[in-house]
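Residue numbers (this note's numbering): 1270 to 1549.
Please read the structure below before turning to the comments.
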Amino acid sequence: MQDFNGKTAFITGGASGIGLGLAEAFLAVGMNVVLADIEAAALAAAQHTLERFDNRVTTVVCDTARRKAVIDARDRAIATYGRVHVLCNNAGVGGGGMVDQVAPAAWNWVLGVNLMGVIQGLTEFIPHMKAHGEPCHIVNTASMAGMNGVAGMGPYCASKFAVVSLSETLAGELAATNIGVSVLCPGWVATRIGESRRNAPGDLPPPPLPGPMMAARAAEVGKLIADGMSAAEVAARVMQAIRDDDLYIFTHLDMRPSVDTRFARIGAAFDKAAAFKMPA
């Protein structure tokens, strides 16, 4: 996709963080933007922040874990701008805890937003994109946690690995169309993801008290997020990837060694399988 002027982007989780950074990048190249977010107050603040862009911003409250909310938001975008050309499935929540200690409701919440929210965006927008036939692009926000499992982050890692695999699958399915697909795998970015429980369902039980390892890890992660890359820099990488039709979008070069290590272990496992012989 090369022509952005006058086209429309729909961004979930658009009121802050990476979503707001994407909005500013799209508006700067002449696009209209629909910001969908679960937080009405944050949407109002984002609209105020973006008011310099000549009324090319529409906001809609949307819980991406609810299919009806996604359908309503899609219909609002189409009614306002006619066609959607860029879909950013960006809404996400953090989800930590040891696998055997995370409550079922917490698993459902994290997977409901991080995975089902993406799936619902895809199923509701792809038919529209195919129908209008103009060049389009889909960006699914995963994470480097979708490239490497991290102890103490089971729900989050599971959801992000799924988004990476889903995006790879989708790229193959849409290869013969003019709809490009990218999966964004950032490292530490200065967002409010560490405060995700502010939007958790009211019946979500409190997380178990962390042991020494988890408490230290949480403090470390909090600092890494606070000192993380700016959303504007992430958005600039996304713009490059859309123009170049890249499937994978990486932002943090210092995280490559861990991915290389994972692939080396996978390669070694294949080598071991190749050398295996059934006992006589």
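Ideal Cβ placement from N, Cα and C applies to all residues, glycine included.
- Threonine 1277 is positioned such that its CB atom lies closer than 8 Å to that of arginine 1352.
- The DSSP-derived three-state label of phenylalanine 1394 is helix.
- A straight line joining the alpha-carbon of alanine 1420 with that of methionine 1367 spans about 7 Å.
- Straight-line measurement puts the Cα of alanine 1500 at about 5 Å from the Cα of glycine 1290.
- Listed in chain order, the non-local C-beta contacts of valine 1382 below 7 Å within the same chain comprise Thr1333, Ala1334, Ala1360, Gly1361 and Val1362, local neighbours out to five positions each way being set aside.
- Nearest to tryptophan 1378 by C-alpha distance, out of Tyr1350, Cys1357, Cys1405 and Tyr1425, is Tyr1425.
- Met1300 is the residue among Val1433, Met1300 and Leu1384 whose C-alpha sits nearest the C-alpha of aspartate 1323.
- Here alanine 1309 has Val1330 as same chain residues with Cβ atoms under 6 Å from its own Cβ, once five neighbours each way along the sequence are excluded.
- The beta carbon of alanine 1342 sits closer than 7 Å to those of Ala1305, Val1329 and Cys1331, all from its chain and outside the five residues before and after it, given in chain order.
- Asparagine 1358: not part of any alpha helix (DSSP H); member of the beta strand (DSSP E) spanning 1355-1358, first to last residue.
- In the structure shown, valine 1507 adopts helical secondary structure according to DSSP, grouped into three states.
- Rounded to the nearest angstrom, the gap between the Cα atoms of alanine 1544 and histidine 1401 is 52 Å.
- The C-alpha of proline 1526 lies about 30 Å from the C-alpha of isoleucine 1388.
- Using a Cβ distance threshold of 8 Å, leucine 1473 and isoleucine 1407 do not count as a contacting pair.
- Glutamine 1271 and cysteine 1405 have their C-alpha atoms spaced approximately 10 Å apart.
- As the crow flies, the alpha-carbon of leucine 1435 is around 30 Å from that of proline 1475.
- Cysteine 1454: member of the beta strand (DSSP E) spanning 1448-1454, first to last residue.
- With respect to asparagine 1409, leucine 1453 sits close: the two C-beta atoms are nearer than 8 Å.
- For valine 1368, there is no enclosing alpha helix (DSSP H), as DSSP marks it with neither H nor E.
- Taking each of Glu1489, Gly1275 and Val1339 in turn and checking the Cα distance to methionine 1385, the smallest one comes out for Val1339.
- Nearest C-alpha to alanine 1510 among Gly1364, Ser1451, Ala1427 and Trp1376: Ser1451.
- For phenylalanine 1430, the enclosing alpha helix (DSSP H) begins and ends at 1423-1442.
- Per DSSP, the continuous alpha helix (DSSP H) segment holding aspartate 1341 begins and ends at 1336-1350.
- If the five residues before and after valine 1528 are omitted, its C-beta is found closer than 6 Å to the C-beta atoms of Met1416, all from its own chain and listed in chain order.
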